[in-house]
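*Asks:* Residue numbers (my numbering): 48 to 566. Virtual Cβ for every residue (Gly too), placed ideally from N, Cα, C.
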């Protein structure tokens with residue numbers, strides 16, 4: 048009898064504390080995507096009927112065996128008047144100050160994470176960021192192999208008090224959308240500096256694809272090593288040595304900038320391990336109604352540019368499959384110019400990564416690329432000019448998704464014709480004309496003959512879309528490259544100021560293509 052009484056008390060305690068729980072992505076101040084179905088979900092006692100009321104509609108669902116429930120709201124038009132959503136289950140919850148408009152994911156690595164306060168004109172940008180109808184939410188950086196269903200965060204009205212730490216590209220993109228469309232905008236920032244593309248993909252998706260066997264086998268071996276006692280001991284020895292050097296520098300009042308060694312656990316929970324960011328950062332937001340995603344990443348995959356050619360499209364399709372919202376728009380930033388300017392033309396892993404990004408436009412639907420080969424900083428991988436980056440992204444969205452008739456696509460290579468010692472390159476200018484900045488000569492061109500030795504070339508514009516390319520000593524050019532280096536000196540644009548997309552006319556093997564082991 049006593050045992051039954053204790054069980055009854057425990058059951059009563061559980062029932063007393065049972066209540067609706069909502070994920071962080073669904074809460075006060077959120078923006079719902081206009082004109083499409085919006086899933087709303089949360090948790091309650093298994094078997095509980097949950098009813099959601101919003102904008103004149105009522106939808107019901109039932110908490111499953113794990114307590115999760117989901118309802119889908121019918122599409123509603125944009126609305127800048129704050130509204131309330133009521134959710135009734137074991138108890139009743141109200142979500143307040145909800146707007147309806149356009150919702151975009153802002154994702155990638157450090158150049159998307161780069162904050163407003165660290166960008167050009169940050170003082171002015173922050174002081175003028177009084178946009179209560181732009182709503183911001185950031186997802187913390189959690190790397191794990193265990194799927195997460197929630198994160199710590201909350202939607203907030205955009206203001207000078209909170210915009211400083213938000214993604215600069217994301218904010219500038221969203222602000223222009225808001226100003227042009229005159230509807231509320233919701234921005235979800237989940238960028239993680241230094242992240243590799245494979246970390247944003249569910250692990251089993253990569254494991255089932257033979258193209259990633261080398262990548263995944265390498266990680267299995269690395270995980271085994273990092274989990275060993277030997278790795279732990281090696282780290283502790285390195286840490287002790289680092290602390291000693293730090294103390295010695297302090298005693299000498301010398302500057303000490305050496306970073307502490309990374310622990311095995313830090314590497315296992317970091318931003319490169321396949322599936323880590325998908326599980327810890329992306330998954331808790333998947334299913335929330337969005338218009339699309341903007342992406343700025345690739346630096347961490349540059350040494351594997353060949354692989355990125357099929358990894359990046361797979362990642363995009365994977366996200367769309369998971370979201371179950373069709374082929375939503377996905378727009379990305381091509382790598383900027385970075386590192387030293389090379390005195391001679393040749394190969395470049397960064398150029399190859401840019402090529403893989405460019406080719407992705409043809410590999411997926413509803414994709415688009417913002418070229419920023421003129422915006423980078425040779426000495427810093429993080430260009431401070433994020434406003435122009437965002438402007439080039441938002442042009443794509445305004446043209447492709449919102450019906451504005453504005454130029455948005457950088458000119459791209461179309462064909463080449465060899466005429467004696469000349470190569471005549473034709474570009475697709477998408478209705479525009481070519482323009483050379485600063486000087487009339489086209490800068491950034493290189494040619495090679497049959498010997499495949501690259502030399503700088505002279506370029507001259509022929510009409511709206513052609514370039515005549517010649518080089519002393521190359522009597523019969525075989526191939527042409529433009530802006531094909533880590534940090535090219537180049538000056539070719541459309542007349543609207545969109546830089547020509549770096550290109551090559553050859554199909555020589557990529558230097559980043561893995562070499563099959565000798566048998």
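Who are the Cβ neighbours of residue 371 in its own chain at under 8 angstroms, not counting the five residues just before and after it?
*Replies:* In the chain shown, residue 371 corresponds to position 324, counting from 1. So the list reads 334, once near-sequence residues are dropped.
*Asks:* On the DSSP letters alone, give me the boundaries of the beta strand (DSSP E) that residue 429 sits inside.
*Replies:* Counted from its first residue, the chain shown places residue 429 at position 382. Segment: none, residue 429 is in no beta strand (DSSP E) and carries neither H nor E.
*Asks:* Per DSSP, which one or two residues make a beta bridge with residue 118?
*Replies:* Taking the first residue of the chain shown as position 1, residue 118 is located at position 71. According to DSSP, residue 118 bridges with 87.
*Asks:* Could you pull the start and end residues of the beta strand (DSSP E) that residue 297 belongs to?
*Replies:* Locating residue 297 in the chain shown gives position 250, where the first residue counts as 1. No beta strand (DSSP E) contains residue 297, which is instead part of the alpha helix (DSSP H) from 276-298.
*Asks:* Using the C-alpha atoms, what's the distance from residue 72 back to residue 299?
*Replies:* Here residue 299 refers to the residue found at position 252 when the chain shown is read from its first residue. Here residue 72 refers to the residue found at position 25 when the chain shown is read from its first residue. Cα-Cα distance, rounded: 50 angstroms.
*Asks:* Which word fits residue 133, buried or exposed, when buried means at least 16 other C-beta atoms lie within 10 angstroms of its C-beta?
*Replies:* Position 86 of the chain shown, counting from 1, holds the residue named residue 133. Counting the other Cβ atoms within 10 Å of the Cβ of residue 133 gives fewer than 16, which makes it exposed.
*Asks:* Report the rounded CA-to-CA distance for residue 294 versus residue 373, giving the unit in angstroms.
*Replies:* As a position in the chain shown, residue 294 is number 247, starting the count at 1. As a position in the chain shown, residue 373 is number 326, starting the count at 1. Between residue 294 and residue 373, the C-alpha separation is close to 57 angstroms.
*Asks:* If you draw a straight line from the alpha carbon of residue 76 to that of residue 289, how long is it in whole angstroms?
*Replies:* For this step, residue 76 is matched to residue 29 along the chain shown. For this step, residue 289 is matched to residue 242 along the chain shown. C-alpha separation (whole angstroms): 46 angstroms.
*Asks:* Report the rounded CA-to-CA distance for residue 209 versus residue 222, giving the unit in angstroms.
*Replies:* Taking the chain shown and counting its residues from 1, the one referred to as residue 209 is at position 162. Taking the chain shown and counting its residues from 1, the one referred to as residue 222 is at position 175. Straight-line Cα distance between these residues: approximately 14 angstroms.
*Asks:* Which residues in the same chain as residue 212 place their Cβ atom closer than 7 angstroms to its Cβ, once the five residues preceding and following it in sequence are excluded?
*Replies:* Against the chain shown, residue 212 aligns to sequence position 165. The answer, listed in chain order, is 162, 164.
*Asks:* Out of 463, 547, 502, 525, point me to the one whose CA is closest to residue 480's CA.
*Replies:* Residue 480 sits at position 433 when you count from the first residue of the chain shown. Among 463, 547, 502, 525, the Cα nearest to that of residue 480 is on 547.
*Asks:* Of the residues 82, 67, 70, which one's Cα is nearest the Cα of residue 338?
*Replies:* Counting from 1 along the chain shown, the entry for residue 338 is found at position 291. Nearest of 82, 67, 70 to residue 338, Cα basis: 82.
*Asks:* Less than 8 angstroms separating the beta-carbons of residue 557 and residue 287?
*Replies:* On the chain shown, position 510 is the one that residue 557 refers to. On the chain shown, position 240 is the one that residue 287 refers to. No, the Cβ-Cβ distance between residue 557 and residue 287 is not below 8 angstroms.
*Asks:* Considering only DSSP beta bridges, list what residue 533 is partnered with.
*Replies:* Residue numbering aside, residue 533 sits at position 486 when the chain shown is read from its first letter. DSSP lists no partner for residue 533.
*Asks:* Cα separation between residue 96 and residue 105?
*Replies:* Here residue 96 is taken as the residue at index 49 of the chain shown, counted from 1. Here residue 105 is taken as the residue at index 58 of the chain shown, counted from 1. Roughly 13 angstroms separates the two Cα atoms.
*Asks:* Can you give the Cα-Cα distance for residue 131 and residue 68, rounded to whole angstroms?
*Replies:* Position 84 of the chain shown, counting from 1, holds the residue named residue 131. Position 21 of the chain shown, counting from 1, holds the residue named residue 68. So the alpha carbons of these two residues sit roughly 17 angstroms apart.
*Asks:* Quick check: what's the CA-CA separation for residue 492 versus residue 389?
*Replies:* Taking the first residue of the chain shown as position 1, residue 492 is located at position 445. Taking the first residue of the chain shown as position 1, residue 389 is located at position 342. Across the structure, residue 492 and residue 389 are spaced so that their CA atoms are roughly 13 angstroms apart.
*Asks:* Take the Cβ of residue 533 as the centre, count every other Cβ of all protein chains shown within 10 Å, and call the residue buried at 16 or more, exposed below.
*Replies:* Within the chain shown, residue 533 is the residue found at index 486, counting from 1. With 16 or more other Cβ atoms within 10 Å, it is buried.
*Asks:* Hey, residue 484 and residue 538: beta-carbon distance below 8 angstroms or not?
*Replies:* One-based indexing of the chain shown puts residue 484 at position 437. One-based indexing of the chain shown puts residue 538 at position 491. Contact: yes.
*Asks:* Label residue 409 either buried or exposed according to how many other C-beta atoms from any shown protein chain fall within 10 Å of its C-beta, with 16 as the threshold for buried.
*Replies:* In the chain shown, counting from the first residue as 1, residue 409 sits at position 362. The residue is exposed, with fewer than 16 neighbouring Cβ atoms inside 10 Å.
*Asks:* Work out the CA separation of residue 305 and residue 356 for me, nearest whole Å.
*Replies:* Along the chain shown, read from residue 1 onward, the residue named residue 356 stands at position 309. Along the chain shown, read from residue 1 onward, the residue named residue 305 stands at position 258. Approximately 35 angstroms between the Cα atoms of the pair.
*Asks:* Is residue 196 buried or exposed, if buried means 16 or more other CB atoms sit within 10 Å of its CB?
*Replies:* In the chain shown, residue 196 corresponds to position 149, counting from 1. Looking at its Cβ environment, which holds fewer than 16 other Cβ atoms inside 10 Å, residue 196 is exposed.
*Asks:* Within the chosen definition, does the segment 307-315 reach the segment 105-123 through at least 3 CB pairs nearer than 8 angstroms?
*Replies:* no
*Asks:* Suppose contacts are defined by Cβ-Cβ distances below 8 angstroms. Is residue 366 in contact with residue 385 by that definition?
*Replies:* On the chain shown, residue 366 is found 319 positions in, with the first residue counted as 1. On the chain shown, residue 385 is found 338 positions in, with the first residue counted as 1. Going by C-beta atoms, residue 366 is not nearer than 8 angstroms to residue 385.
*Asks:* If you measure between the beta carbons of residue 536 and residue 490, is that distance less than 8 angstroms?
*Replies:* The residue labelled residue 536 in the question sits at position 489 within the chain shown. The residue labelled residue 490 in the question sits at position 443 within the chain shown. A contact, by the Cβ cut-off of 8 angstroms.
*Asks:* Out of 159, 126, 201, 542, which has the shortest C-alpha to C-alpha gap to residue 147?
*Replies:* Counting from 1 along the chain shown, the entry for residue 147 is found at position 100. Nearest Cα to residue 147 within the set 159, 126, 201, 542: 126.
*Asks:* For residue 58, name the three-state secondary structure that DSSP assigns.
*Replies:* Taking the first residue of the chain shown as position 1, residue 58 is located at position 11. Confidence is the limiting factor: at residue 58 the pLDDT is only 42, short of 50, which leaves the residue's position unreliable, though a coordinate-based value still follows. Here residue 58 sits in helix by DSSP.
*Asks:* Taking only the alpha-carbon atoms, compute the straight-line gap between residue 260 and residue 400 and give it to the nearest angstrom.
*Replies:* The count along the chain shown starts at 1 and reaches residue 260 at position 213. The count along the chain shown starts at 1 and reaches residue 400 at position 353. Roughly 20 angstroms between the two C-alpha positions.
*Asks:* Nearest to residue 178 by CA position, among 206, 157, 184, is which residue?
*Replies:* As a working note, residue 178 is residue 131 in the chain shown. Residue 206 is the option with its Cα nearest to residue 178.
*Asks:* What separation, rounded to the nearest whole angstrom, lies between the Cα atoms of residue 266 and residue 246?
*Replies:* Position 219 of the chain shown, counted from the start, is the residue given in the question as residue 266. Position 199 of the chain shown, counted from the start, is the residue given in the question as residue 246. Taken atom to atom, the span from the alpha-carbon of residue 266 to that of residue 246 is near 11 angstroms.
*Asks:* So does the segment 419-426 actually touch the segment 461-471, counting three or more Cβ pairs closer than 8 angstroms?
*Replies:* The segment 419-426 makes no contact with the segment 461-471, as fewer than three CB pairs between them are under 8 angstroms.
*Asks:* Use the C-beta contact count for residue 16: other C-beta atoms within 10 angstroms, 16 or more gives buried, fewer gives exposed.
*Replies:* Nothing can be reported for residue 16: it is not among the residues displayed for the chain, which extend from 48 to 566.
*Asks:* Could you give the distance in angstroms between the alpha-carbon of residue 519 and the alpha-carbon of residue 508?
*Replies:* The residue given as residue 519 occupies position 472 in the chain shown. The residue given as residue 508 occupies position 461 in the chain shown. For residue 519 and residue 508, the distance between alpha carbons rounds to 18 angstroms.
*Asks:* Assuming residue 590 and residue 188 form a contact by the criterion Cβ under 8 angstroms, report the distance between their Cβ atoms to the nearest whole angstrom.
*Replies:* An answer regarding residue 590 cannot be provided, because it is not within the stretch 48 to 566 covered by the chain.
*Asks:* May I ask you to report which of helix, strand or coil DSSP gives residue 517?
*Replies:* Working through the chain shown from its first residue, we reach residue 517 at position 470. If DSSP states are grouped into helix, strand and coil, residue 517 belongs with the strands.
*Asks:* Quick one: what does DSSP say residue 49 is sitting in, helix, strand or coil?
*Replies:* Numbered from its first residue, the chain shown carries residue 49 at position 2. Confidence is the limiting factor: at residue 49 the pLDDT is only 45, short of 50, which leaves the residue's position unreliable, though a coordinate-based value still follows. Note: residue 49 maps to helix in three-state DSSP.
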